[in-house]
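Step one of this worksheet: look at the structure below.
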Amino acid sequence: TWTPAAFVETTVAELKAKIGDEKVILGLSGGVDSSVAAVLLNKAIGDNLHCIFVNNGLLRKNEFEDVLHQYKDMGLNVKGVDASARFLDALEGESDPEKKRKTIGRVFIEVFDDEAHKVENAKWLAQGTIYPDVIESVSATGGPSATIKSHHNVGGLPDFMKLKVVEPLKMLFKDEVRRVGKSMGLEPNLLGRHPFPGPGLAIRILGDITREKVAILQEVDHIFIQGLKDWGLYDQVWQAGAMLLPVNSVGVMGDERTYEKCVALRAVESTDGMTADWVNLPYEFLQKTSNDIINKVPGVNRVVYDISSKPPATIEWE
Ligand code: XMP
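Residues are numbered in UniProt numbering as their position in the sequence shown, beginning at 1, plus a constant of 192.
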């Protein structure tokens, strides 16, 4: 029978034999798959694994700093690359969802390729591909490999794509990846993290993206997600997040009428993201969260809760 401990032992031995003393590059996303792949490779080849963690400026509040710290504490040889400005500049004025995705994919490849070139004599590219990604061929939840697939026909392959590929989780399902991670001592907060789209907050800001909108949405999202954790609801939800709508609505403050932003909160139950049901969060929680958001986030005067299931309503609004 399959056990996580036996998988780790066999895989580490295989990776050692396959890679020897050559250098490997891996893009960390903060998600479960790339993190587990990194720890597994780190066990096998130590600091010859060079991890790259890119901040695209569209992550959750404090996510880049917190997760980078956590990776370092885990003993990973990781370089954090803050490319926020490059992504946000490239996205300026763009409001078409697919163009946003393409721009982010393109810039990611450029940034990643620059960083990969700095690792001298690298021979391998490691990826956290899991079995469902292999069968779908392009991962539903994206990640670097999916982005690359839709881009490599434009202007030839970037150099890092010419490296030999190693995918240690290729035969595993998500729950097995979590068990493997747990058996290697990864923190529950990393293993239990909700899925988060590669383009990040870019596809949760409807319409064009500005630094100000990113900052507003980060605050709103932080209040919502921290609230779910504080109320013990986080682990009961498959994915949650906030959307910044391209709509202003009227509010009253004393004698003044304001005209400010509206945010939508979304929390869903799902097993694979293909179908999803909205979660019946307690009214008391929604009440408290809405008050906190409106009181603490300047520029937002209205909060709505998305009660639509997929199909037809996708989890993301873009
Ligand atoms: P939808 O919105 O299609 O999302 O119901 C299903 C799952 O996929 C994630 N998602 C993405 N992930 N790049 C990604 O890496 C994307 O462009 C993208 N679009 C949606 C979404 O967060 C959900 O988990």
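Don't be surprised by glycine CBs; every beta carbon is placed ideally from N, CA and C.
Problem - Same chain, Cβ closer than 6 Å to residue 208, five either side skipped, listed in chain order - result: Here residue 208 refers to the residue found at position 16 when the sequence shown is read from its first residue. 236.
Handout entry: Length-filtered (3 minimum) beta strand (DSSP E) runs lying within the segment 429-508
Key = 431-445, 448-461 and 492-497
Practice task
Pick out whichever of 303, 352, 372 and 504 has its Cα sitting closest to the Cα of residue 197.
Solution key: For the purposes of this step, residue 197 is taken as the residue at position 5 of the sequence shown. Answer by Cα proximity: 372.
Handout entry: Cβ neighbours of residue 375 in the same chain (closer than 7 Å, five flanking residues each side left out)
Key = Here residue 375 corresponds to residue number 183 of the sequence shown, with the count starting at 1. Result list for residue 375: 196, 197 and 200, in chain order.
Exercise for the section: Could you tell me if residue 246 is buried or exposed, where buried requires 16 or more neighbouring beta carbons within 10 angstroms of its beta carbon? Expected result: Your numbering for residue 246 matches position 54 in the sequence shown. With 16 or more other Cβ atoms from the protein chains shown falling within 10 Å of its own Cβ, residue 246 counts as buried.
Exercise for the section: Using 10 angstroms around the beta-carbon of residue 405, count the other beta-carbons present and answer buried if the total reaches 16, otherwise exposed. Expected result: Your numbering for residue 405 matches position 213 in the sequence shown. Burial call: buried.
Problem - Cα-Cα separation between residue 391 and residue 296, rounded to whole angstroms - result: Sequence index remark: in the sequence shown, residue 391 carries index 199 (1-based). Sequence index remark: in the sequence shown, residue 296 carries index 104 (1-based). Using only the alpha carbons, I get a separation of about 6 Å.
Problem - Run of the beta strand (DSSP E) containing residue 314, from where it starts to where it stops - result: By one-based count along the sequence shown, residue 314 stands at place 122. Run containing residue 314: 314-318, per the beta strand (DSSP E) assignment.
Practice task
Assign residue 197 to one of three DSSP states: helix, strand, or coil.
Solution key: Within the sequence shown, residue 197 is the residue found at index 5, counting from 1. It is helical.
Practice task
Please state if the CB of residue 234 and the CB of residue 268 are separated by a distance shorter than 7 Å.
Solution key: Here residue 268 refers to the residue found at position 76 of the sequence shown. Here residue 234 refers to the residue found at position 42 of the sequence shown. Yes.
Exercise for the section: Could you pull the start and end residues of the beta strand (DSSP E) that residue 245 belongs to? Expected result: Reading the sequence shown from its first residue, position 53 is the one you call residue 245. Residues 241-247.
Handout entry: Where residue 358 falls, given that 16 or more other Cβ within 10 Å makes a residue buried
Key = Along the sequence shown, one-based indexing puts residue 358 at 166. Buried, because 16 or more other Cβ atoms sit within 10 Å of the Cβ of residue 358.
Handout entry: Cutoff 7 Å; reference residue 498; Cβ partners in own chain excluding five residues on either side
Key = As a position in the sequence shown, residue 498 is number 306, starting the count at 1. Answer for residue 498: 456, 457, 458 and 470, listed in chain order.
Practice task
Could you spell out where the alpha helix (DSSP H) holding residue 369 opens and where it closes?
Solution key: Taking the first residue of the sequence shown as 1, we reach residue 369 at position 177. From DSSP, the alpha helix (DSSP H) with residue 369 extends over 366-375.
Practice task
Could you have a look at residue 322 and say whether DSSP puts it in helix, strand or coil?
Solution key: Translated into positions along the sequence shown, residue 322 becomes position 130. For residue 322, the three-state secondary structure derived from DSSP is coil.
Practice task
Flag residue 503 as yes when its Cβ comes closer than 6 Å to any non-hydrogen atom of the ligand XMP, and as no otherwise.
Solution key: Stepping through the sequence shown from its first residue, residue 503 is reached at position 311. For the ligand XMP, not one heavy atom lies less than 6 Å from the Cβ of residue 503.
Practice task
Rounded to whole angstroms, what's the CA-CA distance from residue 413 to residue 250? Just pull it up for me.
Solution key: Within the sequence shown, residue 413 is the residue found at index 221, counting from 1. Within the sequence shown, residue 250 is the residue found at index 58, counting from 1. Spanning the two alpha carbons is a distance of roughly 12 Å.
Problem - For residue 429 and residue 451, the rounded distance between their alpha carbons - result: The count along the sequence shown starts at 1 and reaches residue 451 at position 259. The count along the sequence shown starts at 1 and reaches residue 429 at position 237. In this structure, the straight-line span from the alpha carbon of residue 451 to that of residue 429 is close to 32 Å.
Practice task
Could you give the DSSP three-state label for residue 217: helix, strand or coil?
Solution key: For the purposes of this step, residue 217 is taken as residue 25 along the sequence shown, with counting starting at 1. Of the three classes helix, strand and coil, the one that applies to residue 217 here is strand, per DSSP.
Practice task
Establish whether the CB of residue 474 and some CB of chain B are separated by less than 7 Å.
Solution key: Reference to chain B is not applicable here, since this structure consists of a single protein chain.
Exercise for the section: Compute every distance between the C-beta of residue 298 and the non-hydrogen atoms of the ligand XMP, then say whether any falls below 6 Å. Expected result: The residue given as residue 298 occupies position 106 in the sequence shown. The answer is no for residue 298.
Exercise for the section: Alpha carbon to alpha carbon, how far is residue 449 from residue 278? Give it in angstroms, no decimals. Expected result: Within the sequence shown, the letter at position 86 stands for residue 278. Within the sequence shown, the letter at position 257 stands for residue 449. For residue 278 and residue 449, the distance between alpha carbons rounds to 37 Å.
Exercise for the section: Classify residue 225 as helix, strand or coil using the three-state DSSP reduction. Expected result: As a first step, residue 225 is located in the sequence shown; it is residue number 33 there, counting from the start. In the structure shown, residue 225 sits in a helix (DSSP, three-state: H, G or I).
Practice task
Verify the contact flag: residue 290, CB atom, against every heavy atom of the ligand NAD, threshold strictly below 6 Å.
Solution key: Here the bound small molecules are the ligand XMP; the ligand NAD is not part of this structure.
Exercise for the section: Quickly, what does DSSP pair residue 272 with across the bridge? List them, please. Expected result: Counting from 1 along the sequence shown, the entry for residue 272 is found at position 80. According to DSSP, residue 272 bridges with 245.
Problem - Between the CA atoms of residue 356 and residue 340 - distance to the nearest angstrom - result: Numbered from 1 along the sequence shown, position 148 holds the residue referred to as residue 340. Numbered from 1 along the sequence shown, position 164 holds the residue referred to as residue 356. Interpretation of residue 340 is limited by its pLDDT of 49, a score under 50 that renders its predicted location unreliable; no figure is taken from the coordinates.
Practice task
Report back the beta-carbon spacing between residue 493 and residue 443 to the nearest angstrom; my notes put them in contact at under 8 Å.
Solution key: If you number the sequence shown from 1, residue 493 lands on position 301. If you number the sequence shown from 1, residue 443 lands on position 251. At roughly 3 Å, the Cβ-Cβ gap stays under 8 Å, so residue 493 and residue 443 are in contact.
Handout entry: For residue 356, the residue or residues it bridges with in DSSP
Key = Your numbering for residue 356 matches position 164 in the sequence shown. The partner list for residue 356 (beta bridge, DSSP) reads 316.
Exercise for the section: Determine the DSSP secondary structure at residue 340, reduced to helix, strand or coil. Expected result: Residue numbering aside, residue 340 sits at position 148 when the sequence shown is read from its first letter. With a pLDDT of 49 at residue 340, under the threshold of 50, the modelled position of that residue is not reliable, and the figure given next carries that caveat. Looking at residue 340 - three-state DSSP - the assignment turns out to be helix.
Exercise for the section: Answer with buried or exposed for residue 479, where buried requires no fewer than 16 other C-beta atoms within 10 angstroms of its C-beta. Expected result: What you label residue 479 is simply residue 287 of the sequence shown in a count that begins at 1. Exposed, by the Cβ-count rule.
Handout entry: Proximity to residue 305 [Cα-Cα], best of 275, 285, 473 and 284
Key = Counting from 1 along the sequence shown, the entry for residue 305 is found at position 113. Here the closest residue by C-alpha is 275.
Handout entry: Three-way DSSP call (helix, strand, coil) for residue 327 in this model
Key = Locating residue 327 in the sequence shown gives position 135, counting from the first residue. Here residue 327 sits in helix by DSSP.
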